[in-house]
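Shown next, in structure tokens, is the structure this report addresses.
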Amino acid sequence: MPAIVARHAPPALTERLAREGLHPVLARIYAARGVASARELSSDLGELAPPGTMLNLTRMAGLLADAISAGQRLLIVGDYDADGATACAVGVRALRSFGARVDYLVPNRFEYGYGLTPEIARLAHERFQPGLLVTVDNGISSIEGVAECNRLGMNVLITDHHLPGPQLPAAACIINPNQGGCAFPSKHLAGVGVMFYLMVALRAELRARHGSGHPNLAELLPLVALGTVADVVPLDRNNRVLVEQGLQRIRAGRIQPGLDALFRVASRDARRAGTRDLAFAVAPRLNAAGRLTDMALGVECLITEDPARALQIAGELDRLNHERRAIELGMQDEALAAVEAMEYSESYTLSLFNPAWHQGVIGILAGRMKDRFHRPTIAFARTGTGELRGSGRSIEALHLRDALERIAVRCPGLIDRFGGHAAAAGLTLREAELTRFRDAFEEAARALLTPADLERVIETDGELAGADCSLELAQLLKDIPWGQGFPRPSFHGPFDVLSQRIVGERHLRLRLSASGRAVDAMLFGSTARLPGCIVAVYRLEVSEYQGLRSLQLTLDHWDAASA
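Residue numbers (our numbering): 564 to 1126.
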């Protein structure tokens, strides 16, 4: 049973934020997240970290400006997730508005794997013959791929945010806030954020050379917001500004036809968009293209100016997402059975494999298993070439890429390729090495974790007074950009269960009472009958039905209340 603890909100800081005009509960919430003053909550674009602090940014903008002036053909090589797709779309849209000749190539993950490989370099040369190749959301580990580009006469500009290895590719220029020597303060910038900063620097360079008249790149911020939220990067102050600015434009209807179409097929109202809409409605539909077919379909959705074409593509993405969900549910049942059979409680890690699993869905599966069992988890699927491709998700206490680095050093040759972040990483290895990898992963985790790290702890923002459990507060919370590293508020407290019924075959609709006040609630993904008294971890939601708004609680966890 997980422990429920309240985040510490320093009283002096809470009082200061309240004096600065914040709702008392919001003041407590922000204080617990390290916000020191109301000014830190400003979403003005002027609050963004200055572009000049990013290593090589001005130099790369100059190289792009030279290529545009010379009429060179440019090619963006993207990635197959929502961050890569939005970064590609930001690049294509901005560069075309600057008059560049630019195409894009998104490698099919099932044929070419991840990143700028030598095979992708040859494909890019054969199909497009670019003078300059620009990577988005990948490239920092593409040693061989960049070498092949150089051999073929294509200069390479790398834009990435993944952690670099000990050796950097021999590219013409690299921008990455996580490379050595880069003073850019937001180390959590997503791939789409890196590309947006590059386009801002390029516009400044072109204005310096040719004067004004270039487009307003702020109109691309809805795509930046989507990619940032979808990639689950920590929402530090800089990322919160990017996301909030994007959401403001989405709510105002200033969005690209493809993004508008994705909201429509997801049955979400863009005028009331929040980060949860991006994370759980729009991003999964965009990601479905990369998971099951080819992310080029997703990029095309985001760059088309034809609303009818955008809606057609969004409809296909919605269909693919339904297919993905059906595949995922089957894989999840198989994974649960496998974990229960292995008596996981003695293990520090989970390394899961089934020959029938779809490699496009293993990342989602790993995340589900990590959440359920609170263990660093890697799920593997066959690639069809004798290799296994693994996708991992980790708990907060274990930096997953560092763990893989440890394995690679201690067991040379075991892992063919790997890369990623603290919370998520990917790798490939030979199928015959799976058992050896399982042991090495377990050994690495035991060296880096303590038993206490494996105990799930649910952090909340404490209990709410009856008057604060309100529609007003729910609306305030809905409009704020929450995400990784800046978690959406939840609360805990005792309730009497007044009524409960199953809805949609898999969920419970509840009527709860606390301190004499009754409120509606939902428990998703469970139909087990609740006892009469519970202690619940819950979130405040705004429920909308037939134009009316009301307060609804969403339960994230519950325990029977002590007698």
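Glycine included, C-beta positions come from ideal geometry on N, C-alpha and C. Given the structure is predicted, the values throughout are model-derived calculations rather than measurements.
Exposure label - residue i; buried when at least 16 CB within 10 Å
{"i": "P847", "result": "buried"}
{"i": "M905", "result": "exposed"}
{"i": "E674", "result": "exposed"}
{"i": "S705", "result": "buried"}
{"i": "E583", "result": "exposed"}
{"i": "M762", "result": "buried"}
{"i": "V1066", "result": "exposed"}
{"i": "R812", "result": "buried"}
{"i": "D700", "result": "buried"}
{"i": "C1096", "result": "exposed"}
{"i": "V773", "result": "The sequence shown places His at residue 773, rather than the Val named in the question. Looking at its Cβ environment, which holds fewer than 16 other Cβ atoms inside 10 Å, H773 is exposed."}
{"i": "L1111", "result": "exposed"}
{"i": "S914", "result": "buried"}
Residue i to residue j span [Cα, whole Å]
{"i": "R980", "j": "L990", "result": "5 Å"}
{"i": "I958", "j": "L1118", "result": "22 Å"}
{"i": "N1033", "j": "G1079", "result": "The displayed chain sequence assigns Ser, not Asn, to residue 1033. When rounded, the distance between both Cα atoms is 14 Å."}
{"i": "P748", "j": "C974", "result": "34 Å"}
{"i": "R1009", "j": "E996", "result": "20 Å"}
{"i": "F661", "j": "I683", "result": "26 Å"}
{"i": "L696", "j": "L880", "result": "28 Å"}
{"i": "G809", "j": "S1125", "result": "45 Å"}
{"i": "A710", "j": "A929", "result": "33 Å"}
{"i": "M617", "j": "A566", "result": "41 Å"}
{"i": "N801", "j": "R602", "result": "13 Å"}
{"i": "Y1108", "j": "A1037", "result": "16 Å"}
{"i": "G1048", "j": "D799", "result": "7 Å"}
{"i": "G893", "j": "G776", "result": "53 Å"}
{"i": "A851", "j": "L715", "result": "33 Å"}
{"i": "A987", "j": "G678", "result": "16 Å"}
{"i": "H937", "j": "L1040", "result": "27 Å"}
{"i": "D1083", "j": "R770", "result": "56 Å"}
{"i": "L951", "j": "L1012", "result": "26 Å"}
{"i": "T698", "j": "I738", "result": "10 Å"}
Reference residue i; option with closest CA among the options
{"i": "P1057", "options": "L1075, W1045 and N917", "result": "L1075"}
{"i": "A1099", "options": "L1036, I1021, F759 and R872", "result": "I1021"}
{"i": "T856", "options": "M1085, V669, V828 and F1049", "result": "V669"}
{"i": "H1055", "options": "S910, G1029, S908 and G1079", "result": "G1029"}
{"i": "N671", "options": "N739, A1077, D1122 and L686", "result": "L686"}
{"i": "D1059", "options": "P1050, L1073 and A829", "result": "L1073"}
{"i": "D965", "options": "M858, H725, L589 and E782", "result": "H725"}
{"i": "R656", "options": "L951, L638 and D644", "result": "L638"}
{"i": "A650", "options": "A836, S632 and L865", "result": "L865"}
{"i": "L841", "options": "G861, V806 and G708", "result": "V806"}
{"i": "P870", "options": "Q895, D823 and G816", "result": "D823"}
{"i": "F826", "options": "A581, L1039, A873 and T1023", "result": "A873"}
{"i": "E863", "options": "I890, P820 and R888", "result": "P820"}
{"i": "I927", "options": "A1077, R956 and S914", "result": "R956"}
{"i": "Q1115", "options": "V757, A1081 and H921", "result": "A1081"}
Beta-carbon separation (whole angstroms), residue i vs residue j, contact threshold 8 Å
{"i": "T838", "j": "V792", "result": "5 Å"}
{"i": "D646", "j": "G790", "result": "4 Å"}
{"i": "A1061", "j": "S1089", "result": "For clarity, residue 1061 is Leu in the given sequence; the question names Ala instead. About 18 Å; that fails the 8 Å criterion."}
{"i": "V787", "j": "V653", "result": "7 Å"}
{"i": "L765", "j": "A624", "result": "4 Å"}
beta-carbon residue i near the ligand ADP non-hydrogen atom, thresh 7 Å
{"i": "E782", "result": "Looking at this structure, you won't find the ligand ADP or any other ligand, since it has none at all."}
Requested in this report: Just list the beta strand (DSSP E) runs in the segment 947-1001, keeping only unbroken ones of 3 residues or longer that don't cross its boundaries, in chain order.
Outcome: At a cut-off of 3 residues, the continuous stretches assigned as beta strand (DSSP E) that sit fully inside the segment 947-1001 are 950-956, 980-983 and 987-993.
Requested in this report: Please specify which runs of the alpha helix (DSSP H), each continuous and at least 4 residues long, are wholly inside the segment 712-784, giving them in chain order.
Outcome: Within the segment 712-784, the complete alpha helix (DSSP H) segments of 4 residues or longer fall at 754-773, listed in chain order.
Report task. Let me know the beta strand (DSSP E) ranges lying completely inside the segment 806-889, each 3 residues or longer, listed in chain order. Result -> Counting only runs of 3 or more, we get nothing.
Query - Within the segment 1026-1059, ranges of the alpha helix (DSSP H) (whole runs, at least 4 residues) - result: Within the segment 1026-1059, the complete alpha helix (DSSP H) runs of at least 4 residues are 1034-1041.
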